[in-house]
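Under the working numbering, the residues of the sequence shown are numbered 916 to 1182, in order. Backbone N, C-alpha and C define an ideal beta-carbon position, used for all residues, glycine too.
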Amino acid sequence: MSRYAAIFRRNEGAFGAFVMLGDPDLETSARILDTLVEGGADMIEVGIPFSDPVADGPVIQAAAVRALEKGVTPADCFALLGAFRARHADVPVGILTYANLVVARGRDAFYRAAAEAGVDSVLVADVPEIEAAPFAQAARAAGIDPVLIAAANTPDDRIARIAALGGGYTYCVTRAGITGADQAVRFDHAALIDALARNGAPPPVFGFGISKPDHVAAALAAGAAGAISGSAIVQRIADHPDDPAGAVRSFVAAMKGATRIREAVQG
């Protein structure tokens, strides 16, 4: 059973925490990854610093800039992830990245490096599902789950392709646009959840704008298997340079606490 399948079998929703690797530096980034697990995150999603992260809002873009200014490279990121995997054998780890970073290394080489680092999934945010097949094939050849994005307005024919190509989980965006915690999120995804299930897609996990425990609870109530928070965590790291790891621990714990609403409802 995959690490993702194991967490989705629990009688509670999954909480995923996103951070930018190398932000604010490599040593602190390693401590932050550990703190996310200590705070209760079920799954970790990470970014690799990139100069043109078109799916990310200003908070995560700023984190990428901070890491790039420290000279953080993709090789550094794979080393961070490999060390994390050695410390945390059971926590699923996914990379959210961009096609340029994958292609620059060589598609097959990128996925092999990810697999060697113990990564479970890769989401290439700027590759639409109609162009995703070569990425998905390279991912599966390396033993990596290819995560694809779906939205409330994704047509049925595209849902079918997302279901056929995807693995691990399906990243469902709560609103149009880019990442960020400063805009309203929507949880009226019943038609999308039904379509994903009807097509046999991997479990839906909501992302984009998830910044409060109430958002996590609402996502699960709407039918999601989990929820991912990124900008709210990354902003706390930026706001607390003296103790960034400490700044995220209680927030992650509160967000994880909201996933247990399903357990409470089911008794």
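Helix, strand or coil at residue i [DSSP, three-state]
| i | result |
| --- | --- |
| Y1084 | coil |
| A1162 | helix |
| I1125 | coil |
| F1050 | helix |
| G954 | helix |
| G1182 | Its pLDDT being 40, under 50, G1182 is placed unreliably by the model, and the measurement read from it follows with that caveat. Of the three classes helix, strand and coil, the one that applies to G1182 here is coil, per DSSP. |
| P1119 | strand |
| M935 | strand |
| S966 | coil |
| E927 | coil |
| V961 | strand |
| P973 | helix |
| G986 | coil |
| H1130 | helix |
| R981 | helix |
| R1175 | helix |
| D991 | helix |
| R1101 | coil |
Top-ranked residue by Cα proximity to residue i, from the options
| i | options | result |
| --- | --- | --- |
| A1140 | G1021, H1130, K1127, V1120 | V1120 |
| S1126 | P1118, A1136, A1040, I1143 | I1143 |
| P1159 | E1031, G1124, E942 | E942 |
| L996 | E1046, G1122, Y1013, S944 | S944 |
| P1128 | A1116, I1148, D1109 | I1148 |
| V1039 | V1006, P1049, A1056 | P1049 |
| R1164 | G931, A929, M916, G955 | G955 |
| G931 | G1083, V1042, R1055, E1031 | G1083 |
| A1004 | A1024, A1032, A929, T1012 | A1032 |
| E927 | R981, D957, S1036 | D957 |
| V1074 | E953, L1107, A1051 | The sequence given here places Ile at residue 1074; Val does not occur at that position. Answer by Cα proximity: L1107. |
| R1020 | E1046, A1053, R1151 | A1053 |
| A1133 | R1175, V974, F1166 | R1175 |
Residue i and residue j closer than 8 Å at C-beta
| i | j | result |
| --- | --- | --- |
| I1077 | E1044 | yes |
| L936 | V961 | yes |
| A1067 | R1113 | no |
| F999 | A1028 | no |
| L1063 | T1085 | yes |
| I963 | P989 | yes |
| F923 | P1118 | yes |
| A1001 | D938 | no |
| G1138 | A1105 | yes |
| S1146 | G972 | yes |
| V1017 | F1025 | yes |
Endpoints, alpha helix (DSSP H) assigned at residue i
| i | result |
| --- | --- |
| V1034 | Neither: V1034 is in no alpha helix (DSSP H) and is coded neither H nor E. |
| S917 | Where S917 is concerned, there is no enclosing alpha helix (DSSP H), given that its DSSP letter is neither H nor E. |
| R1148 | Checking the sequence shown, residue 1148 turns out to be Ile, not Arg. Residues 1146-1154. |
| D1109 | 1105-1113 |
Unbroken beta strand (DSSP E) run spanning residue i, endpoints
| i | result |
| --- | --- |
| A1140 | Here A1140 belongs to no beta strand (DSSP E), and DSSP marks it neither H nor E. |
task: Run through the region 994-1041 for me and flag every whole beta strand (DSSP E) of 3 or more residues, listed as ranges in chain order.
output: 1008-1012, 1036-1039
field: Complete alpha helix (DSSP H) runs within the region 1050-1078 (minimum length 4 residues, chain order)
entry: none
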